Amino acid sequence: MADIAHRSAAPVQHGLFGLTDRFRDKLPAAFAVVGLIAAWQFVVWAFSVPTYMAPGPLDVLRSFRDDGWTLLSNFWPTLFEAMLGFVFGNLIAILLAVWFVHNRTAERAFYPIAVFMHTIPIIAVAPILVLIFGSGYLPKVIIAALICFFPTLVNMVRGLKAVTPATLDLMRVLSASKSEIFWKVRIQSSLPFLFAALKIASTTCVIGAIVAEWIGSNFGLGALIIEATYNFRSPLLYATVFVAALLAVVLFSIVSVAEARLIKWKASDVH
Amino acid sequence: MNARALARSPVMPAAADVEANVAVSVRNVDVVFGEGESAVTALSGVSVDIAAGSLVTMLGPSGCGKSTLLRAIADLVPVSAGEITVLGRSPEEARRERNFSFVFQDATLLPWRSALDNVRLPLEVGGGGAAHAEPRELLELVGLKGREKALPAELSGGMRQRVAIARALVSRPKILLMDEPFGALDEITRDKLNEELLRIWRETGTTIMFVTHSIPEAAFLGQQVLVLASHPGRVKELVTVDLPAQRRLAMRDTLDFVQITAHLRRLLEEC
Ligand SMILES: Nc1ncnc2c1ncn2[C@@H]1O[C@H](COP(=O)(O)OP(=O)(O)OP(=O)(O)O)[C@@H](O)[C@H]1O
Ligand SMILES: [Mg+2]
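Each protein sequence line maps, in turn, to chains A and B.
Just so you know, the numbering used here puts the end of the first sequence at 356, numbered straight through with nothing missing.
Just so you know, the numbering used here puts the end of the second sequence at 1333, numbered straight through with nothing missing.
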């Protein structure tokens, strides 16, 4: 309760002070980052590490300036694949979870298969999919979707079932139908579980897209990583990795903001 | 006074001419959970009539079947033998017609709904929009004016239970079934809610069945106290509480009140 009130009230009430407070909270982290980058530059300079082995931060910065266009044109495909994979992987997982909750037989039949599929490492599946679907966008989207799929399925099934017997008793006394229980209770109570999974998916879908691009692709951040590595263009490699990380962070933040908007009630009993 | 205060009424069903004034009639009811060796007889040969407009409290040792009796009346538990009629109908029909409401030990509010929306829930499900009380007025009735928008997590335990009572009243039920509704509250809050429940009972004319573990609470609230014995659950005695209809908390210090509670305690010890 206290933290709900605090979250919504703090920026309004404290105004400018609120902002400086928040800035002060972030200050140690900012110092740490700057310090680490400085240390990195110092090590590279002090031990004369060759650039191809490990470039300094200044080399990476220069790469952003010189190869900015290459980075950007390879960024869009990866963003596209990751987002499409995110949408489809999660959508299918959510629909399957809804089906499983309404149909015990379906759950018993397909849940074990889903678990089995999850145990196959995605890196091992990627070449198979590339062989089947060629080197276009499709296999990348599928791999990004596959990597999102399982955590969301498991969490959504758990979330839809996370309704207390007492609440079900209440709904029965109210003569609520199955679909009313689904829309008024199950969906809502599954949201914290769903968002826990979506936050994981928001970063893993980027991993999925990049891994897929490693295998027989000539576009995307993944392909750029391979190319930069083979040509000893280490500053470009580092810059690419940085862009990929940034993409994952941005997607994660979007999901977090959506979560804060949709779930105003406490979600402390979700692990 | 002593003899009058402890006046007893017969446990067996009332005569046919009183039938019209009977809200809940329980005839020779058995409830058995499970089958074969592991079967548990929760209730055995329970018969009792609850007069329309009365407030009957239920006392008994833990596990004697108080909740089971209340839940059987509410169509949450099927009876194994005997018959229950609620306003002359089967519990299922009474449930569909919203003739009764149930208040559980924990408020069982939907955490994502505001206090007001929780009170509205019964109007949104089970086709229950017909004749109903104004949710805002009910929140006022239970002393929560101004907290309509508060989420359950932002309310105290007592406030949550008030919301649950408002929710139970919104469909204008003729019967209110309450299973230890104030069991988890501190004594001062409980006293306050007891007084408010009596006020609501007088104002609405609802029949109330109220399960409690507290002997003073049972005597203070009830016009009659139904004492159950355990192993198997059966009616021990239906004690009429001969105190003025207008109950005041101070009444609990009078000799009459103390004699009634002493009698109830003796009955419970025999159980
Ligand atoms: N769903 C159930 N399945 C099996 N046994 C049950 C079930 N519900 C209740 N029982 C059994 O029925 C008996 C009566 O239980 P009940 O909950 O009605 O007791 P109670 O009087 O309400 O107890 P308490 O005062 O502790 O709430 C107990 O022996 C209990 O174990
Ligand atoms: Mg009980």
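Cβ coordinates follow ideal geometry from the N, Cα and C atoms, glycine included.
Here the structure is a predicted model, which is why all the values come from computation and not from measurement.
DSSP places Arg-1222 (chain B) in the uninterrupted alpha helix (DSSP H) bounded by 1219-1231. The DSSP-derived three-state label of Glu-1145 (chain B) is strand.
Rounded to the nearest whole angstrom, the CA to CA distance from Ala-211 (chain A) to Phe-201 (chain A) is 16 Å.
The Cβ atoms of Gly-170 (chain A) and Gly-301 (chain A) lie no closer than 7 Å to each other. Secondary structure note for Arg-1133 (chain B): it is in no beta strand (DSSP E), and the uninterrupted alpha helix (DSSP H) holding it is 1128-1135. Looking from the CA of Gln-1308 (chain B), the closest CA among B:Glu-1258, B:Pro-1184, B:Phe-1272 and B:Gly-1150 belongs to B:Glu-1258. Ligand 1 has a heavy atom closer than 6 Å to the beta-carbon of Gly-1127 (chain B).
Per DSSP, reduced to three states, the secondary structure at Val-1187 (chain B) is coil, with no helix or strand assignment.
Look at Gln-1167 (chain B) here: in three-state DSSP terms it is coil, with no helix or strand label. Ranked by Cα distance from Ser-1124 (chain B), the options B:Thr-1269, B:Val-1289 and B:Met-1313 are led by B:Val-1289.
With a 10 Å radius around the Cβ and a threshold of 16 neighbouring Cβ atoms, Lys-1128 (chain B) comes out buried. CA-to-CA, the gap between Thr-190 (chain A) and Gly-174 (chain A) works out to about 23 Å.
Distance from the Cα of Asp-1092 (chain B) is smallest, within the candidate group B:Val-1141, B:Ser-1163 and B:Lys-1298, for B:Val-1141.
For Met-1240 (chain B), DSSP records a beta bridge to B:Val-1165 and B:Phe-1272. Counted as a single uninterrupted DSSP element, the beta strand (DSSP E) harbouring Leu-1300 (chain B) occupies residues 1296-1302. Listed as beta-bridge partners of Asp-1092 (chain B) by DSSP are B:Ala-1143. In the DSSP assignment, Ile-1112 (chain B) falls within the beta strand (DSSP E) that extends over 1102-1113.
In the three-state DSSP reduction, Ala-247 (chain A) falls in the coil class, being neither helix nor strand.
In the pairwise beta carbon analysis, the stretch 1087-1105 of chain B is classified as not touching the stretch 1159-1168 of chain B: fewer than three pairs are separated by under 8 Å.
Neighbours of Arg-1158 (chain B) in chain A, taken as residues whose beta carbon is under 8 Å from its own, are Ser-260 in chain order. A distance below 7 Å separates the beta carbons of His-1194 (chain B) and Leu-1185 (chain B).
Between the stretch 1210-1229 of chain B and the stretch 1143-1156 of chain B there are fewer than three inter-stretch CB-CB distances shorter than 8 Å, so the stretches are not counted as touching. A contact between stretches requires three or more CB pairs, one per stretch, nearer than 8 Å, and the stretch 120-139 of chain A fails this requirement with the stretch 295-314 of chain A. Between Leu-1185 (chain B) and chain A, the shortest Cβ-Cβ separation is not below 7 Å. Near chain B, meaning a CB-to-CB distance below 9 Å, the residues of the stretch 236-269 of chain A are Thr-249, Ala-251, Thr-252, Asp-254, Leu-255, Met-256, Arg-257, Val-258, Leu-259, Ser-260, Ala-261, Ser-262, Glu-265, Ile-266 and Lys-269. In this structure the stretch 1259-1271 of chain B lies against the stretch 1233-1247 of chain B, because at least three pairs of beta carbons, one per stretch, are closer than 8 Å.
Apart from the 5 residues on each side of it in sequence, Pro-1197 (chain B) sits with its Cβ closer than 8 Å to the Cβ of Leu-1178, Val-1181, Arg-1182, Leu-1185, Ala-1228 and Val-1232 in its chain, given in chain order.
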